[in-house]
Amino acid sequence: MKIIVDFGGGLDVCFENKKEITLEFEEQQIKMADVIIRLKTICNPKKLDFFYTQQLRPGILVLINDADWELEDKEEAQLQHNDRVSFISTLHGG
Amino acid sequence: MQQKEPKLCKKCKTNNPNIIVQKDPVCKECFIGYVEHMFKMSLRLKCNITQKNEKLLVCFSGGQNSTALVKLASDVVHSTCAHNKSKMFIEVHVLYINESFIMKEFIQEYQPQDYTNFVTNECKLPFQIVDIQSIYPDPYILLQQLHNLSESGSSREDFVRLIKQHIIYDYAIKNGYQNVCFGQNGQRLAADLFSQLSKGRGLSLQSATKYNFSFIYPLNQNKLQILHPLKELLNKDILYYLRLKSNLNFPNFILGQHLSNIVKNKPAHGNIDHLLEQFIDKLQEGFPSTTFTVLSSAEKVTIKPLQQQSHCPLCLEIRDQVYNRLEVETLDNSNQQLINYLRANTKYYNKICFTCNRMLQSAQELENFYNLKGFPPLIVQIADTIQ
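The listed protein sequences correspond, in order, to chains A and B.
Numbering of the first sequence is given in this note's numbering, commencing with residue 2 and proceeding in unit increments.
Numbering of the second sequence is given in this note's numbering, commencing with residue -11 and proceeding in unit increments.
This is how it looks when you write it as C-alpha cells:
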C-alpha cells in the first residue's frame, strides 16, 4: 500500500527538505499511527519541529485527503491505498 | 449491527465535513465562509472600521498569519469573498519590512523571497517594501548591535521587533495611515500575552491583545489604532484557510526562528517567546477553549492609571514606575558598580524601561546602547523628546 505524505509550514526541513514523500507498506491495513511510526524512523533527529518527545508536536495540523484527522479518530484513522496525508506546521513569528 | 451515521457539516447539513472548528465539524465551503465572516465582523464591529475610504496599513512579514491577513483584506476590498460578496470600501496598503540584510548575516543557507507577485498580482493591493537597515545611518551598526546582544533568550529577536515597530509607526504616520493591522491570530496573541508578562510588560497587556488599541506616538502625539482583526481565529484556522486558498510556499527562513537557534541545550532554544507558544499550543490541543479563556481573562485585567506616563524610546511602551526594591534594577544586582556607572555616564539610561533593560542585559558595549550611539536618528529624536 502506498501513502503520499506532504509537508507544509517548514516541516520539510525535518525530512531532507523534501516537500513530498511516498511511503510503502506491505500490510493491507494501515492506520495513521503506523505512518507516524514510519516517519519517526526517517525524521532528522536534530530537527525538533516534528516530534516532541515521542509524539507529534502540538500545533501541527494533520490532514487526510484534505480533511482534519480529528474527524477520523486521529491516530486510529484507517488509510487506503494512495491516500494523501499532510502535515502543516505554524512557524514561530509571521 | 447499528451503523454509524455519516457526519454532516454542522452549518449547511449537506456536505461532508472537512475540518473541526470550535468542536463543530464543517465542510470546506462553510469553513471559508466562517473565516471570511469572522474577519469582516472583527474589522467592522471590534476594530471599528466603518467609515468609507478608511485607510488600513497591513503589516506583512511573509509568514502564515500575515499572508492570511493580506488575502482576506484583498477579498473584502475587491469583493472576491467566496460567500457574502459585500464589499468594504476601505483603502488597504501592504507594508513589508525586508529583513534580508540580517538574514544573510545569521542564516548561512538563506535565500531571499519575493512577495511582489503574491501581493501585487494575486491580491492586487499596493505594496511597499522597506529595508530594515534603511533607517540606520550606517546599516552595519545594526548587525554589530545584534552581535553584541546576548545570543540566548529573545534579546536579538526583541531588538529586531522594536526596530520594525519604529519603521511601521513612522511609515504609517508619514503616509496618513491611522489604522495599522497586524496579523497575529488569537492563539499567537495568547502566547504573546504570557510572553510580555514574563518580560515585565504588564502595562502592555492591552496593546498586546486588544482588537483595537489606541496608541499615541510620542514624537508628534499622532494617534494610531493598532488592530488585530484575526483575533477570533486559531492557528489551525489560519493553516487550513491558507491550504484551501493559497498556493504560496511559506518561507523556510523566519528570522525569529533562527536568531536563537544557536542555543542548543535549553528548551525552545532558551527563547521565552518560542517556549510560551509551545505551551499554549499544547494546552490548546488538549483544551480547545484555552485561547479564548486566556484572551477574555486578559480583557478583565485593569491597569492602575499612572500619574505620569513616560515612554521608553526603544519599545515605545509605557515606562513603569518602581514601587519596591525588587523592581529597582534589572541588571544583575552584583553588578551595582556597572549600573551606577551607566546611570552617571550615559545619556539615556534613565529613559529605558525595565523590559528593554532586560533585553540589553549581558550585551557587550553597553555604553553604546545606553547612549543610543549609531541608532537611527528617529529613535534618538524620540529619546530626546521624551521626558
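In this text, a Cβ means the ideal position worked out from N, Cα and C, and glycines have one as well.
Since this is a predicted model, take the numbers as computed values, not measurements.
Near residue i, which residues of its chain fall below 8 Å by C-beta distance, leaving aside the five closest residues on each side in sequence?
i: Q(-9)(B); result: Confidence in Q(-9)(B) is poor, its pLDDT being 46 and thus under 50, which makes the residue's placement too unreliable to answer from.
i: V14(A); result: N45, K48, D50
i: L360(B); result: P301, K335, Y336, I367, V368, A371
i: N41(B); result: F77, I78, E79
i: A78(A); result: K32, M33, I65, W70
i: Q153(B); result: C303, L304
i: L283(B); result: G174, L177, A178, L181, T197, K219
Need the endpoints of the alpha helix (DSSP H) that residue i sits in, please.
i: N359(B); result: Element bounds for N359(B): n/a, residue is neither H nor E.
i: F182(B); result: 174 to 186
i: D439(B); result: Since the first residue of chain B shown is -11 and the last is 375, residue 439(B) is not available in this structure.
i: C47(B); result: C47(B) -> not in any alpha helix (DSSP H); beta strand (DSSP E) instead, spanning 42 to 48.
i: V58(B); result: 52 to 66
i: K288(B); result: 278 to 288
i: N333(B); result: 324 to 333
i: S143(B); result: 143 to 162
i: C18(B); result: 16 to 29
i: R346(B); result: 342 to 348
i: I260(B); result: 260 to 274
i: I367(B); result: 365 to 373
Following the continuous beta strand (DSSP E) through residue i, name the residue where it begins and the one where it ends.
i: E79(B); result: 78 to 86
i: E28(A); result: No beta strand (DSSP E) contains E28(A), which DSSP labels as neither H nor E.
i: L64(A); result: 62 to 65
i: F203(B); result: 200 to 204
Of the choices the options, whose alpha-carbon is the least far from that of residue i?
i: I374(B); options: F267(B), P301(B), S140(B); result: P301(B)
i: L304(B); options: K335(B), D158(B), R331(B), Q172(B); result: D158(B)
i: K20(A); options: G11(A), R39(A), F26(A), E28(A); result: G11(A)
i: Q55(A); options: T23(A), F16(A), L40(A), E71(A); result: L40(A)
i: E265(B); options: E73(A), E71(A), I61(A); result: I61(A)
i: A332(B); options: E353(B), D308(B), Y358(B), R346(B); result: Y358(B)
i: D308(B); options: Q325(B), L193(B), Q349(B), I327(B); result: L193(B)
i: K28(B); options: S284(B), P255(B), E273(B), K75(B); result: K75(B)
i: K73(B); options: L150(B), G21(B), R144(B), S298(B); result: G21(B)
Among the residues of its own chain, which have a CB less than 7 Å from the CB of residue i, if the five just before and after it don't count?
i: M(-11)(B); result: Its pLDDT being 43, under 50, M(-11)(B) is placed unreliably by the model, and nothing is read from it.
i: K16(B); result: N6, L232
i: Q52(B); result: I226, L227, L230, F238
For a quick check, are the C-beta atoms of residue i and residue j less than 8 Å apart?
i: K11(B); j: P276(B); result: yes
i: A351(B); j: G171(B); result: no
i: Q166(B); j: K198(B); result: no
i: T343(B); j: G188(B); result: yes
i: A68(A); j: I226(B); result: no
i: E24(B); j: A70(B); result: yes
i: I155(B); j: I120(B); result: yes
i: N223(B); j: N173(B); result: yes
i: K3(A); j: M33(A); result: no
i: A160(B); j: L177(B); result: no
i: L221(B); j: M91(B); result: no
i: V82(B); j: V46(B); result: yes
i: Y84(B); j: F48(B); result: yes
i: K(-5)(B); j: P13(B); result: yes
i: E145(B); j: D261(B); result: yes
i: K112(B); j: S62(B); result: yes
Go through its chain and collect everything with a Cβ distance to residue i's Cβ below 6 Å, but skip five positions before and after it.
i: Y124(B); result: L130, P364
i: R85(A); result: I5, N66
Could you check if residue i belongs to the surroundings of the ligand GTP, using beta carbon to heavy atom distance under 7 Å?
i: P59(A); result: Looking for the ligand GTP in the displayed structure turns up nothing, as the structure carries no ligands at all.
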